[in-house]
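Below is one structure, written out as structure tokens; comments come after it.
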Amino acid sequence: MASRRSEQQSEIKLKVMRLISEIPEMSSRQVADAVGISNGSAYYVLTALVEKGLVKLENFKKNPKKGRYAYLLTPKGIREKSILTHNFIERKREEYENLKKEIEALEEEAGLDRKYSLKTGKER
Numbered sequence: 009m010a011s012r013r014s015e016q017q018s019e020i021k022l023k024v025m026r027l028i029s030e031i032p033e034m035s036s037r038q039v040a041d042a043v044g045i046s047n048g049s050a051y052y053v054l055t056a057l058v059e060k061g062l063v064k065l066e067n068f069k070k071n072p073k074k075g076r077y078a079y080l081l082t083p084k085g086i087r088e089k090s091i092l093t094h095n096f097i098e099r100k101r102e103e104y105e106n107l108k109k110e111i112e113a114l115e116e117e118a119g120l121d122r123k124y125s126l127k128t129g130k131e132r
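What follows is the structure in structure tokens.
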């Protein structure tokens, strides 16, 4: 099983890749804000993705600000994003099943009927 830190890094990488596949012209600051990480972390993640060949940088052709770039997923990046997405879904399904079992055990321990909601006082 992967460490929690490794899982967090994979989730951040996936979020960044999803963002730039939707909006390639995002700046590293915009990526940082959207993902909830520091600007330095976003820059580090984007640079690592470029170095690994998962993302390439292209200048905007018609942009008056010639320093602006677009982050584009490469075919290798698209494959990696697909793998990360699959792993994320599997991890979340496992977490969901474990949480569901824990809730059922707590409901049984507390003597609650699973169909009854304490919050609403009604059957679910």
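FYI, the numbering for the sequence shown is 9 to 132, going by our numbering. For every residue, glycine included, the Cβ atom is placed at its ideal position computed from N, Cα and C. Here the structure is a predicted model, which means the values were calculated and not measured.
Quiz item: Nearest CA to the CA of residue 50: which residue from 27, 89, 83, 76?
Solution: If you number the sequence shown from 1, residue 50 lands on position 42. When only C-alpha atoms are compared, the closest one is 27.
Quiz prompt | For residue 64, the first and last residue of its enclosing beta strand (DSSP E) | solution = In the sequence shown, counting from the first residue as 1, residue 64 sits at position 56. Residues 63-67.
Practice problem: Would you kindly work out how many angstroms separate the C-alpha atoms of residue 12 and residue 19, rounded to a whole number? | Solution: Stepping through the sequence shown from its first residue, residue 12 is reached at position 4. Stepping through the sequence shown from its first residue, residue 19 is reached at position 11. Straight-line Cα distance between these residues: approximately 10 Å.
Quiz prompt | beta-carbon residue 46 near the ligand HEM non-hydrogen atom, thresh 7 Å | solution = Among the ligands in the structure shown, none appear at all, so the ligand HEM cannot be discussed.
Quiz item: Does DSSP classify residue 120 as helix, strand or coil?
Solution: Here residue 120 refers to the residue found at position 112 of the sequence shown. In this structure, residue 120 counts as coil in the three-state DSSP scheme.
Practice problem: Please confirm whether residue 65 and residue 79 have their CB atoms less than 8 Å apart. | Solution: Taking the sequence shown and counting its residues from 1, the one referred to as residue 65 is at position 57. Taking the sequence shown and counting its residues from 1, the one referred to as residue 79 is at position 71. Contact flag set, yes.
Self-check item: residue 47 beta carbon less than 8 Å from that of residue 40
Solution: Translated into the one-based positions of the sequence shown, residue 40 becomes position 32. Translated into the one-based positions of the sequence shown, residue 47 becomes position 39. Yes, these two residues count as a Cβ contact at 8 Å.
Exercise. Return the chain-ordered list of same chain residues with a C-beta closer than 8 Å to the C-beta of residue 37, the five sequence neighbours on each side being excluded.
Key: In the sequence shown, residue 37 corresponds to position 29, counting from 1. Here the set comprises 47, 50.
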